[in-house]
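Numbering (our numbering), first residue to last: 820 to 1150.
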């Protein structure tokens, strides 16, 4: 009976040894893996997992303020990472974003946006203290446009001086932006220059005289957009306030032909008189369109200048030194 007992004991010992050497380590490994996974998931959920409800919305094409409000509603923040000019995207609209739309992100994540400044900007020059004509020229040179001109009586000694402007000097605006001006009218009598654009030249003389002004030089130029014989543009510009009797220089269309109807031309040499001191020399042309000044300059003894004259129909010219008639001739 001893041998069977010994055999059973051996079998039991073998089984205990197997459990001890194999099953217990396997159990410990499984238990460790289970708790490791559970603990790891907790760490991931707490510190690393991106919440599923934080998805970056599409901001491109939105106003920058609207984009910021959209991000605030989903628990995200916004910062402007870049601004740039664009001829295609209007000012203050979002052109790009990072992270892009549709990304899973953590709550509180910042989204960088690129914001359009609109078309290429230009700096507004200061025209304060300038005369109105000089101010308008400065704006044209800066690729801007004179806007509304408001006139007030401030300093009687500085007529036509620009007192204020909007936008202010230094502002960055799009090309072609209108700049509104506040101008001092002073105490001198001033008249407003009417617009003569597209009016027939034979009617302009009467209109100029009615405005208490004088016709200055008339230059004929080729034009495909303005009918022959009509005024293309003028100097001074319309709405400018000037002294009574100021000359208005005109550019007139001759159409797309080489010369207007019955245009006569002549080149003359204008010489200063043989006297000392400055001389105000003026050449006046009288033709079917009326009387207009073709040349005006301050000259000194020995000076000479070649002057090209235009006349519509039969015309003549007169050369003056001050108010003294020097000579006349036919064109």
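Every residue gets a Cβ at the ideal spot worked out from N, C-alpha and C, and that includes glycine.
C-beta contact flag for residue i and residue j at 7 angstroms
i            : j            : result
residue 993  : residue 938  : yes
residue 1020 : residue 1103 : no
residue 984  : residue 998  : yes
residue 957  : residue 965  : no
residue 1012 : residue 1059 : yes
residue 954  : residue 981  : yes
residue 1150 : residue 1134 : yes
residue 1031 : residue 1010 : yes
residue 1112 : residue 1131 : no
residue 906  : residue 873  : no
residue 951  : residue 902  : no
residue 1075 : residue 1046 : no
residue 1141 : residue 1099 : yes
residue 930  : residue 914  : no
residue 1136 : residue 1101 : no
Coil, strand or helix - residue i by DSSP
i            : result
residue 869  : Interpretation of residue 869 is limited by its pLDDT of 49, a score under 50 that renders its predicted location unreliable; the figure taken from the coordinates is listed afterwards. Three-state result, residue 869: coil.
residue 912  : strand
residue 846  : helix
residue 1044 : coil
residue 1131 : strand
residue 1139 : strand
residue 943  : coil
residue 999  : strand
residue 1053 : strand
residue 1082 : strand
residue 923  : strand
residue 1011 : strand
residue 884  : helix
residue 1058 : coil
residue 1092 : coil
residue 1030 : coil
residue 906  : coil
residue 1020 : helix
residue 1116 : strand
residue 787  : Outside the shown range of the chain (820 to 1150) lies residue 787, about which nothing can therefore be said.
residue 1150 : coil
Minimum C-alpha distance to residue i - residue among the options
i            : options                : result
residue 1062 : 979, 895, 918, 874     : 979
residue 928  : 941, 902, 955, 890     : 890
residue 1083 : 1089, 1045, 1038       : 1038
residue 996  : 940, 1109, 844, 880    : 940
residue 1166 : 1115, 963, 1052        : Not covered by the structure: residue 1166. The range shown for the chain is 820 to 1150.
residue 972  : 963, 1008, 1053        : 1008
residue 909  : 922, 879, 896, 955     : 879
residue 884  : 875, 898, 894          : 898
residue 923  : 881, 876, 887, 1090    : 876
residue 1148 : 1101, 931, 1087, 951   : 1087
residue 1203 : 974, 1025, 1026        : Past the boundaries of the shown model lies residue 1203; the chain is included only from 820 to 1150, so the question cannot be answered.
residue 1143 : 1091, 1123, 1105       : 1091
residue 1001 : 1110, 986, 1018, 1105  : 986
residue 1014 : 952, 1052, 1140, 1129  : 1052
residue 1110 : 1124, 1129, 1099, 1100 : 1129
residue 1035 : 894, 1055, 896, 1089   : 1055
residue 990  : 1016, 963, 900         : 963
residue 900  : 888, 918, 892          : 918
residue 988  : 892, 893, 882, 942     : 942
Outcome for residue i when other beta-carbon atoms lying within 10 angstroms are tallied against a minimum of 16
i            : result
residue 853  : exposed
residue 1067 : buried
residue 912  : buried
residue 1048 : buried
residue 916  : buried
residue 886  : buried
residue 946  : buried
residue 1040 : exposed
residue 1089 : buried
residue 856  : exposed
residue 1123 : exposed
residue 850  : exposed
Heavy atom of the ligand FMN within 6 angstroms of residue i beta-carbon
i            : result
residue 1149 : Judged by which ligands are present, the structure shown has none, so any question about the ligand FMN falls away.
Short CB-CB distance (under 7 angstroms) between residue i and chain D
i           : result
residue 989 : This model lacks chain D altogether; it includes just one protein chain.
How about the segment 1084-1103 and the segment 1117-1132: do they share at least three Cβ pairs that are nearer than 8 angstroms?
yes
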